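S.K.: Chains as they are written, first to last, in the numbering used here: chain A, 5 to 250; chain B, 87 to 333. Every residue, glycine too, gets a C-beta built ideally from N, C-alpha and C. Keep in mind the model is a prediction, meaning the values are calculated, not measured.
1. In whole angstroms, what is the alpha-carbon distance linking residue 34 (chain A) and residue 8 (chain A)?
2. List, in order along the chain, the chain A residues whose C-beta lies closer than 9 angstroms to that of residue 238 (chain B)?
3. Mind listing the chain B neighbours of residue 153 (chain A)? Cutoff is C-beta to C-beta under 8 angstroms, in chain order.
4. Going straight from the alpha carbon of residue 178 (chain A) to that of residue 224 (chain A), what length do you get?
5. Give me, in chain order, the residues of the same chain whose beta-carbon lies closer than 6 angstroms to that of residue 149 (chain A); leave out the 5 immediate sequence neighbours on both sides.
6. Do you know how far the Cα of residue 44 (chain A) is from the Cα of residue 294 (chain B)?
7. Tell me whether residue 129 (chain A) is buried or exposed, calling it buried when 16 or more other Cβ atoms sit within 10 Å of its Cβ.
8. DSSP three-state label for residue 306 (chain B), please.
9. Report the residue from B:219, B:241, B:212 whose alpha carbon sits nearest the alpha carbon of residue 142 (chain A).
10. List the residues of chain B that residue 222 (chain A) touches, going by C-beta distances under 9 angstroms, in chain order.
11. For residue 116 (chain A), count the other beta carbons within 10 Å of its own beta carbon; 16 or more makes it buried, fewer makes it exposed. Which is it?
12. Between residue 87 (chain B) and chain A, is the shortest Cβ-Cβ distance under 8 angstroms, so that the two count as touching?
13. Any idea if residue 1 (chain A) is buried or exposed, counting beta-carbon neighbours within 10 angstroms, 16 or more meaning buried?
14. Could you tell me how far apart the beta carbons of residue 211 (chain A) and residue 118 (chain A) are, in whole angstroms, since I believe they sit closer than 8 angstroms?
15. If we define contact as Cβ-Cβ less than 8 angstroms, is residue 5 (chain A) a contact residue for chain B?
16. How about residue 297 (chain B) and residue 316 (chain B): do their beta carbons lie closer than 8 angstroms?
17. Specify whether the stretch 91-100 of chain B and the stretch 157-177 of chain A touch according to this definition: at least 3 beta carbon pairs, one from each stretch, less than 8 angstroms apart.
18. In chain B, what lies closer than 9 angstroms to residue 128 (chain A) by C-beta?
19. Let me confirm a value: residue 182 (chain A) is counted as buried when at least 16 other C-beta atoms fall within 10 Å, else exposed. Which label applies?
20. In the structure shown, what three-state DSSP assignment does residue 26 (chain A) receive?
21. Which residues does DSSP pair with residue 250 (chain B) in a beta bridge?
22. Please return the same chain residues whose Cβ sits closer than 7 angstroms to the Cβ of residue 171 (chain B), not counting the five positions on each side in sequence.
23. Under a CB-based cut-off of 8 angstroms, is residue 21 (chain A) close to chain B?
24. Per the contact definition of three or more C-beta pairs closer than 8 angstroms, is the stretch 136-155 of chain B in contact with the stretch 57-67 of chain A?
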């Protein structure tokens, strides 16, 4: 008898990362998708909800029967003003986590951000390890740090599993010198996500970047604890590094 | 010519801690007090404002000419529900910090809480050092952790001085075994506050407890960086610890 596939809810499924993860994980899991207000022309699955995560009663029904949530929904721009980061990334995140808890969801994989540590980058205080104290560079980063902390609490208090992914610069290709050290390819993120969903990890925080030779952020913990084997490297796509810089 | 006293705003001044600090700091600083909705019968200070910190426009005027803030206002109950801790400790916190920044306030002392680290206590994972990762035991603790992180950002980005005090149990006298390790006397917290206001510390997070011989939380950093010399010790007010109940 075939093992039943896990049911995974992807919030923010209409975004760039959401669309890619839907495509790359659709064979491995039974996906449910959450869209904020726009449904793509041809959704990859019939199982989707249109909901604003800032409204508890809208998002709660999406949690039924779900094993794991890939939580991508929220305000994604580093310059987002306070009112919007509060609504989507604090109130909305709380609604997702609390409704997931009430529905018995086992695990949340959270799209956090390198901006939680962005002041280390501003100060070129490298390398950065994920265990260091948070130093957000923006209210956006502060709101994502809140999300990580709420996950820590829910893990400690309720035993749910939370894995925070501090995403670098996500895209098909690295486009500039900054991406040289922080690029995250779609297939490497998909791998991180499914390895997280399949893992025994209870609570953890990882940088989510490809195997970039020029990286300044440590990914050893993801390699050791998740078995992450990145397939991509920004240096393969960019001219050789100018050694006079830095 | 006498030196002008610093103007210090105490938010949440009607609470137990606010009342005690007002009495003990009113001669050292020019105090301004913020009350949420109730003004005490005989306010010790004439300069006060009634404002809900969750309302930016109501709290912003309080910041004018202020050198330092002792930010006590918020939802203090560790069992409070999400809407109330979110409004006071997230929205209200942002309003206080952002209006302070805009007014050029130099320093904020934040009444954080031991509940930011409460899961270490639940697990008796002692001693706890202030620089360990946050492990809040409640939504209240999560929102206070947010408050600390917001302060970290405001220090890093704007150069404001932010000092977080993870308060133990503020009481006249310790009354039980929990107080034995987490008591904070009024005079010890007063000392922590004025030392912090006078210090050069840019950003710091400290446990705020008295010199309790039976403490489980480290206070070395406050002794070294703030010059804190606690006058009180819970063990002096309680029967000797039960030898059989150790660990």
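M.R.: Result, derived from the coordinates:
1. Stepping through the first chain from its first residue, residue 34 (chain A) is reached at position 30. Stepping through the first chain from its first residue, residue 8 (chain A) is reached at position 4. Going from the Cα of residue 34 (chain A) to the Cα of residue 8 (chain A) covers about 9 angstroms.
2. Sequence index remark: in the second chain, residue 238 (chain B) carries index 152 (1-based). Under the 9 angstroms cutoff, chain A gives 123, 137, 138, 139, 140, 146, 149.
3. Along the first chain, read from residue 1 onward, the residue named residue 153 (chain A) stands at position 149. The contacting residues are 220, 222, 228, 231, 232, 235.
4. For the purposes of this step, residue 178 (chain A) is identified with residue 174 of the first chain, where counting begins at 1. For the purposes of this step, residue 224 (chain A) is identified with residue 220 of the first chain, where counting begins at 1. Taking the straight line joining both Cα atoms gives about 21 angstroms.
5. Looking up residue 149 (chain A) in the first chain gives position 145. The residues are 120, 138, 140.
6. Indexing the second chain from 1 puts residue 294 (chain B) at position 208. Indexing the first chain from 1 puts residue 44 (chain A) at position 40. Those two C-alpha atoms are separated by around 53 angstroms.
7. Here residue 129 (chain A) is taken as the residue at index 125 of the first chain, counted from 1. Residue 129 (chain A) should be labelled exposed.
8. Residue 306 (chain B) sits at position 220 when you count from the first residue of the second chain. Helix.
9. For the purposes of this step, residue 142 (chain A) is taken as residue 138 along the first chain, with counting starting at 1. Among B:219, B:241, B:212, the Cα nearest to that of residue 142 (chain A) is on B:241.
10. Here the question's residue 222 (chain A) lines up with position 218 in the first chain. Those do not exist, as residue 222 (chain A) stays about 16 angstroms from chain B at its closest Cβ, beyond 9 angstroms.
11. Taking the first residue of the first chain as position 1, residue 116 (chain A) is located at position 112. That one is buried.
12. The residue you call residue 87 (chain B) lines up with position 1 of the second chain. Only weak support exists for where residue 87 (chain B) lies, its pLDDT of 45 falling under 50; the value from the coordinates is given anyway. Cβ-Cβ to chain A under 8 angstroms: no for residue 87 (chain B).
13. Because chain A here runs from 5 to 250, residue 1 (chain A) falls outside it and cannot be looked at.
14. Taking the first residue of the first chain as 1, we reach residue 211 (chain A) at position 207. Taking the first residue of the first chain as 1, we reach residue 118 (chain A) at position 114. That pair is a contact at about 7 angstroms.
15. In the first chain, residue 5 (chain A) corresponds to position 1, counting from 1. Note on residue 5 (chain A): pLDDT 48, under 50, position unreliable in the model; no value is reported.
16. Translated into the one-based positions of the second chain, residue 297 (chain B) becomes position 211. Translated into the one-based positions of the second chain, residue 316 (chain B) becomes position 230. Yes; because the gap between Cβ atoms is below 8 angstroms, this pair is in contact.
17. no
18. As a first step, residue 128 (chain A) is located in the first chain; it is residue number 124 there, counting from the start. Correct list: empty, because the minimum Cβ distance to chain B is about 14 angstroms.
19. Counting from 1 along the first chain, the entry for residue 182 (chain A) is found at position 178. Classification for residue 182 (chain A): exposed.
20. The residue you call residue 26 (chain A) lines up with position 22 of the first chain. DSSP places residue 26 (chain A) in helix when its eight states are reduced to three.
21. Residue numbering aside, residue 250 (chain B) sits at position 164 when the second chain is read from its first letter. Residue 250 (chain B) pairs with B:196, B:291.
22. Counting from 1 along the second chain, the entry for residue 171 (chain B) is found at position 85. Cβ neighbours of residue 171 (chain B) beyond the five flanking positions: 161, 225, 226, 229.
23. As a position in the first chain, residue 21 (chain A) is number 17, starting the count at 1. No, no contact with chain B.
24. no
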